[in-house]
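Shown next, in structure tokens, is the structure this report addresses.
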Amino acid sequence: MFRVKPVLIVLALVLLAYTSADAFHAEILPAEINPGDAFLVKVTGSPGEPLAVSDNGRLYFENCGDSCYIAVGAVDVRTEPGVYEIVVSNGENKKRLELHVRHIEFPVRRLTLPEDKVTLSSENLKRVEKEKARLSLIWGKVSDRLWDGKFIMPLENSISAGFGIKRIMNRKKESIHRGIDIRGKNGEAVKAANTGRVVLAEELFFGGNTVIIDHGQGIYTVYMHLSKFNVTYGEIVSKGDIIGFVGSTGRATGPHLHFGVKVTAVNVNPVSFTRLPF
118 MFRVKPVLIV LALVLLAYTS ADAFHAEILP AEINPGDAFL VKVTGSPGEP LAVSDNGRLY
178 FENCGDSCYI AVGAVDVRTE PGVYEIVVSN GENKKRLELH VRHIEFPVRR LTLPEDKVTL
238 SSENLKRVEK EKARLSLIWG KVSDRLWDGK FIMPLENSIS AGFGIKRIMN RKKESIHRGI
298 DIRGKNGEAV KAANTGRVVL AEELFFGGNT VIIDHGQGIY TVYMHLSKFN VTYGEIVSKG
358 DIIGFVGSTG RATGPHLHFG VKVTAVNVNP VSFTRLPF
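Under the working numbering, residues 118 to 395 are what the sequence shown spells out, in order.
What follows is the structure, given as structure tokens:
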């Protein structure tokens, strides 16, 4: 996870005895991203599992083959543009990597809504805060890798509201869209973006009927506004399995799917995430 201001990130890789400095290699994929995007750190020529530590939290490595390890990182949507240096070391071996965060202007959408859709009652506010606390506990857990290969879109339809859009409601309340809205017809099947474990399948205030899947390595996918569920808590699902159906439950004005991705508690642009070179 990155803070808003540029910081030096040091990845200390604690490995077993190592004989060939030339075999050690580390890279960032991709090396240039937008705020709110994810990236990979891939290390090869390492006989042991890396330990990655930074001022902003951990990157969690998993094996990707013979002497190969991969970690998924992310930058917050509010991250300032600039060059972030990542130092990857293995004993006396050291690689300095540069992650370039571009400057981007996200669209602004001004909405006029009924006041009760903008200002919550005290009762609803208490419920929202309670649900937020529960979700924070989910995002804080990092489990073993379950995902396999590239992530897919849960619906192959067009996007009606992109990631990072700033919404200004009734000229007074601002919010940043931290997922994407995908068009869909009521009852249309929604698929799991990758293999994982269902860690939530219930109705939430904002999201309505919501499914959250833990894919391991701190990666979660979120599916909101479903008309009904096709999975239960604790169930292991495979990539492409139907986990629910499009609806308009929760704070939705019509049938669609809100699709979100979390990486170590950072909201990530799902479109860019599905393009990562896993």
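The beta-carbon is built from N, C-alpha and C at its ideal position, and this holds for glycine as well.
From residue 225 to residue 292, what distance separates their C-alpha atoms? 10 Å
If residue 252 and residue 305 are in contact, beta carbons under 8 Å, what's the gap, nearest whole angstrom? With a Cβ gap of about 25 Å, residue 252 and residue 305 do not count as contacting.
By the 10 Å Cβ neighbour count, where 16 or more other Cβ atoms means buried, how is residue 342 classified, buried or exposed? buried
So, for residue 391: in the same chain, excluding its five sequence neighbours on each side, which residues have a beta-carbon less than 7 Å away from its beta-carbon? 267, 268, 269, 270
Secondary structure at residue 172, three-state DSSP: helix, strand or coil? Low confidence applies to residue 172: its pLDDT is 45, below 50, so where it sits in the model is not reliable, and the reading given next is rough at best. Residue 172 falls in the coil class under three-state DSSP.
Mapping the DSSP letters down to three states, classify residue 223 as helix, strand or coil. coil
Straight-line gap, residue 382 to residue 231 (C-alpha atoms, nearest Å): 31 Å
Cα-Cα separation between residue 282 and residue 159, rounded to whole angstroms: 31 Å
Continuous alpha helix (DSSP H) stretch holding residue 251: start and end: 239 to 256
Spatial neighbours of residue 275 within its chain, please: C-beta separation below 6 Å, excluding the five flanking residues on both sides. 300
Cβ-based neighbour list, residue 387, same chain, cut-off 6 Å, excluding 5 preceding and 5 following: 297, 376, 378
Given a cut-off of 8 Å, decide if residue 335 and residue 235 are closer than it, judged by their beta-carbon atoms. no
Tell me, please, whether the segment 315 to 323 touches the segment 361 to 368 by the rule of three or more beta-carbon pairs shorter than 8 Å. yes
Cβ pair residue 157, residue 394 closer than 8 Å: yes
Pull up the CB-CB distance for residue 398 and residue 254, whole angstroms please, since I reckon it's below 8 Å. Within the shown structure, residues of the chain are numbered from 118 to 395, placing residue 398 beyond reach of any answer.
Distance between beta carbons of residue 359 and residue 108, contact taken as under 8 Å: Absent from the model: residue 108. The displayed extent of the chain is 118 to 395, so no value can be given.
Near residue 339, what residues of its chain come up, given a Cβ to Cβ distance below 6 Å and the 5 sequence neighbours on each side ignored? 329, 377
Extent of the continuous beta strand (DSSP E) run through residue 391: Residue 391 -> not in any beta strand (DSSP E); alpha helix (DSSP H) instead, spanning 387 to 391.
Opposite residue 376 in the DSSP bridges: which residues? 297, 340
Cβ neighbours of residue 352 in the same chain (closer than 6 Å, five flanking residues each side left out): 315
Buried or exposed (CB count within 10 angstroms, at least 16 for buried), residue 186: buried
Quick one: Cα of residue 177 to Cα of residue 148, how far? 18 Å
Does residue 163 pass the burial test, meaning 16 or more other C-beta atoms within 10 Å, or should it be called exposed? buried
Just reading off the beta strand (DSSP E) that residue 213 is part of, what are its end residues? 210 to 218
Would DSSP call residue 315 helix, strand or coil? strand
Relative to the C-alpha of residue 371, which residue among 332, 325, 357 is closest? 325
Work out the CA separation of residue 287 and residue 179 for me, nearest whole Å. 46 Å
Would you identify the three-state DSSP class for residue 140, choosing helix, strand or coil? helix
Span of the beta strand (DSSP E) around residue 182: 178 to 182
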